[in-house]
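Working notes, structure below.
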Amino acid sequence: MRNGKNAKLGLSLALAVALALLMSYRPSERRLHEWLGLALIILSLAHNVVHRAWWARSLKNWPKGFRLALAASNVLALLALTAQSVSGIVMSGHVFGFLGITGGQALARQVHLAVGGWAFALAFLHCGLQLSLRWRRPASEMALSRPKPLRRAAALFGAAALAAYGLITFLRSDLWSHMSLSSQFAFIDF
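All you need for the working numbering is the position in the sequence shown, starting with 1, plus 75.
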């Protein structure tokens with residue numbers, strides 16, 4: 076049981092790292108970006124297969140309250156990553172170049188740019204909700220006993236600092252203009 080939880084955690088961390096690396100795209104790294112995108116597709120599929128029991132439970136019993144927010148973040152992140160994958164495949168010149176897709180490049184680029192921000196934000200919202208869920212479990216359900224108050228406060232402070240940093244970076248990078256299609260081109264100062 077413990078190895079299964081470690082594998083799920085490792086898979087989730089690999090997804091987070093791949094998504095963060097994909098958000099640091101530079102035109103000179105297009106081939107690497109496409110390979111990382113393929114890795115993200117494979118990791119996302121594996122993540123959902125590993126968590127298929129959760130999907131089955133959610134489809135059987137409609138979640139309420141906090142679990143509804145978690146389910147909504149899951150579905151929205153899955154939709155965003157699907158749109159991101161499809162638009163990336165349409166634009167691919169290396170990994171999926173053998174498909175010979177020639178039309179729809181301009182629309183695919185706009186969708187890819189807009190949905191990339193949404194996929195990133197929703198994936199990390201999902202991650203935050205999952206971590207919050209872990210903190211809500213009673214000690215009897217947790218493998219380890221509850222953390223001491225000082226450790227818990229330090230962890231909550233760290234999470235709040237990370238969330239604040241994320242919000243500041245989100246505002247500074249003007250990611251919203253891409254997510255809302257206000258800006259249809261990404262001009263990045265390297």
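Ideal Cβ placement from N, Cα and C applies to all residues, glycine included. These numbers come from a predicted model, not from an experiment.
Please report how far the alpha carbon of Leu182 lies from the alpha carbon of Ser255, in whole angstroms.
Along the sequence shown, read from residue 1 onward, the residue named residue 182 stands at position 107. Along the sequence shown, read from residue 1 onward, the residue named residue 255 stands at position 180. Distance between the alpha carbons of Leu182 and Ser255 is about 14 Å.
Let me know the secondary structure DSSP gives Leu250 once reduced to three states.
Within the sequence shown, residue 250 is the residue found at index 175, counting from 1. Reduced to three states, the DSSP call for Leu250 is helix.
Straight-line CA distance for Val150 to Trp110?
As a first step, residue 150 is located in the sequence shown; it is residue number 75 there, counting from the start. As a first step, residue 110 is located in the sequence shown; it is residue number 35 there, counting from the start. C-alpha separation (whole angstroms): 24 Å.
If we count the other Cβ atoms within 10 Å of its Cβ and call it buried at 16 or more, is Phe195 buried or exposed?
Residue 195 sits at position 120 when you count from the first residue of the sequence shown. Looking at its Cβ environment, which holds 16 or more other Cβ atoms inside 10 Å, Phe195 is buried.
Whole-angstrom Cβ separation of Trp193 and Ala147, contact assumed at under 8 Å?
Taking the sequence shown and counting its residues from 1, one reaches residue 193 at position 118. Taking the sequence shown and counting its residues from 1, one reaches residue 147 at position 72. Actually they do not touch by this definition, with Cβ atoms about 13 Å apart.
Using the beta-carbon count (16 or more within 10 Å), is Ser162 buried or exposed?
For the purposes of this step, residue 162 is taken as the residue at position 87 of the sequence shown. The residue in question, Ser162, is buried, as its Cβ has 16 or more Cβ neighbours within 10 Å.
What residue range does the alpha helix (DSSP H) around His108 cover?
Here residue 108 is taken as the residue at index 33 of the sequence shown, counted from 1. First-last of the alpha helix (DSSP H) with His108: Arg105 to Val125.
For Lys83, I'd like the list of residues in its chain whose CB is within less than 6 Å of its CB, leaving aside the five on either flank, ordered along the chain.
In the sequence shown, the residue the question calls residue 83 occupies position 8. Closer than 6 Å at the Cβ level, and outside the excluded window around Lys83, lie Val125.
Would you mind reading off the limits of the alpha helix (DSSP H) that contains Phe171?
As a position in the sequence shown, residue 171 is number 96, starting the count at 1. It is not in any alpha helix (DSSP H) - Phe171 carries neither H nor E in the DSSP assignment.
Helix or strand or just coil, what does DSSP make of Leu256?
Position 181 of the sequence shown, counting from 1, holds the residue named residue 256. In this structure, Leu256 counts as coil in the three-state DSSP scheme.
Just verifying my parser: in three-state terms, what is the DSSP assignment at Arg132?
Here residue 132 corresponds to residue number 57 of the sequence shown, with the count starting at 1. Residue state, collapsed to three classes: helix.
Give me the residue from Gln180, His201 and Ala121 with the minimum Cα distance to Phe141.
Taking the sequence shown and counting its residues from 1, one reaches residue 141 at position 66. Phe141 has its Cα closest to that of His201, out of Gln180, His201 and Ala121.
Going by DSSP in three states, Ser83 sits in which element: helix, strand or coil?
Reading the sequence shown from its first residue, position 8 is the one you call residue 83. The residue you asked about is not Ser; residue 83 is Lys in the sequence shown. Helix, per DSSP.
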